[in-house]
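Enquirer: In the numbering used here, the protein residues as written are 881 to 1318. Ideal Cβ placement from N, Cα and C applies to all residues, glycine included. Input: one structure, supplied below.
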């Protein structure tokens, strides 16, 4: 069954006061309609593509920005959207000018998502506490009487620390124990809320705060379809409910999805308990060669969908695309991860390095996949920079094609396509070799 969700370096001016594109590379405002629109609407953002672009955004700087914005009277909804615009513009400028490697771009976007999720929980929880009570652990459970956390699990590229520049974030909401909230401090109103009701209300508010479009934009599109039962299931579930689902209904494609699952919030003990709950579902104790057949079947279904929708220009799902590289890496993880704990890591490039070190891929194979992954992800980001759109398809407009080729360091579209096709052909060949010889 298919898933529910399927150049040269730039120089700097003395003192590093401004990042400029290397010769031939476009700046953020030259390349991106989104960048031009944002700066036209809010001229103060010009600094993010100028002097401020000398350094990358850090997690600490993001938190400081939010704190200052709130101190100045801005609401959390507005503060997060202003932060997102600044992070996007600076990251775009550093990337397009050749200063930021792929790892920096993905780290900045992942950090932004994690900071935004934590800020959303901190902002919403006090209001819910006052209305619905405090979600406490029931008697006889670990931490009885203490506050229960909402564990937000980042899936997909968020879980892997590899987030795209204009991506949705795949989330799963989990809490430790069922029970009732502590409503003793509530004056009037209902006094019989369950922990389940509380965390589902919190999850709904989090997704709205992050994804609701306003005049100032959005923070992240939120996709909850990877949770148990997908759209038909509750937004948040307990550890016991998650375990029962995985044991009785979890499918092969969900094992693949949960490889990337990473808990972003909650205390260390709760995070550890959740990891121990999910690990046996994802990673078998034995060498699970049946995973190759399952991955082959899933990929065949994806290719059928790609052909049906004519997505050959899709750099993620198309032949030789990003997904095929991820499938190669994760098939080995599913097969051997239960026996070799190091293979339970999440970032794709780290997995490829481990596979090479263990001689599961030879040096040439690993280099082909590593270089293609870097190239394809940079193409993906540049496509998304154009209009801040969640797309993975090569542009059809001739002007956009020229811009994309230039941003990738090529003289024109034919030269760019030759390089892209070489990478995709090599990946497809490696994919077929991996999944037909196992």
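Looking at residue 1195 and residue 1274, is the spacing between their C-beta atoms short of 8 Å?
Expert: yes
Enquirer: With a 10 Å radius around its C-beta and 16 neighbouring C-beta atoms as the bar for buried, classify residue 987 as buried or exposed.
Expert: Counting the other Cβ atoms within 10 Å of the Cβ of residue 987 gives 16 or more, which makes it buried.
Enquirer: Roughly how many angstroms separate the alpha carbons of residue 1217 and residue 1169, rounded to a whole number?
Expert: 12 Å
Enquirer: Would DSSP call residue 1006 helix, strand or coil?
Expert: helix
Enquirer: For residue 1018, collect the residues of the same chain with a Cβ closer than 7 Å to its Cβ; drop the 5 residues on either side in sequence, then sort them by chain order.
Expert: 1024, 1057, 1059
Enquirer: Helix, strand or coil, according to DSSP, for residue 923 in the structure here?
Expert: helix
Enquirer: Look up residue 979 in the DSSP assignment and say whether it is helix, strand or coil.
Expert: coil
Enquirer: How far does the alpha helix (DSSP H) with residue 844 in it reach, from first residue to last?
Expert: With the chain covering 881 to 1318 only, the question about residue 844 has no answer from this structure.
Enquirer: Could you tell me the boundaries of the beta strand (DSSP E) in which residue 1095 lies?
Expert: Per DSSP, residue 1095 belongs to no beta strand (DSSP E) and is neither H nor E.
Enquirer: So, residue 821 versus residue 1295, is the Cβ gap smaller than 8 Å?
Expert: Residue 821 falls outside the range modelled here, since the chain spans only 881 to 1318, and no answer is possible.
Enquirer: Could you check what DSSP says for residue 1126 in three-state terms: helix, strand or coil?
Expert: helix
Enquirer: According to the Cβ coordinates, are residue 1089 and residue 1000 closer than 8 Å?
Expert: yes
Enquirer: So which of 968, 981, 950 has the shortest CA-CA distance to residue 1356?
Expert: Since the displayed the chain opens at 881 and closes at 1318, residue 1356 lies outside it and no answer follows.
Enquirer: Where do the N-terminal and C-terminal ends of the alpha helix (DSSP H) with residue 1135 fall, by residue?
Expert: 1132-1138
Enquirer: Rounded to whole angstroms, what is the Cα-Cα separation between residue 1187 and residue 1193?
Expert: Those two C-alpha atoms are separated by around 11 Å.
Enquirer: Got a sec, what are the start and stop residues for the alpha helix (DSSP H) residue 1255 sits in?
Expert: 1243-1267
Enquirer: On the three-state DSSP scale, how would you describe residue 1053?
Expert: strand
Enquirer: May I ask you to list the residues that DSSP assigns as paired with residue 1015?
Expert: 1061
Enquirer: Are the stretch 1108-1120 and the stretch 1073-1093 touching by the rule of at least three beta carbon pairs closer than 8 Å?
Expert: Using a C-beta cut-off of 8 Å, the stretch 1108-1120 makes contact with the stretch 1073-1093, since at least three inter-stretch Cβ pairs fall below that distance.
Enquirer: Does residue 901 pass the burial test, meaning 16 or more other C-beta atoms within 10 Å, or should it be called exposed?
Expert: Because the pLDDT of residue 901 is 47, which lies under 50, any placement of that residue in the model is unreliable, and the question is left without a value.
Enquirer: Below 8 Å on the Cβ atoms is my guess for residue 1259 versus residue 1300; work out the distance and round it to an integer in Å.
Expert: 7 Å
Enquirer: How long is the line joining the alpha carbons of residue 1320 and residue 1213, rounded to whole angstroms?
Expert: In the structure displayed, the chain extends from 881 to 1318; residue 1320 sits before or after that span and is not available.
Enquirer: In terms of residues, what are the limits of the alpha helix (DSSP H) holding residue 1286?
Expert: 1278-1287
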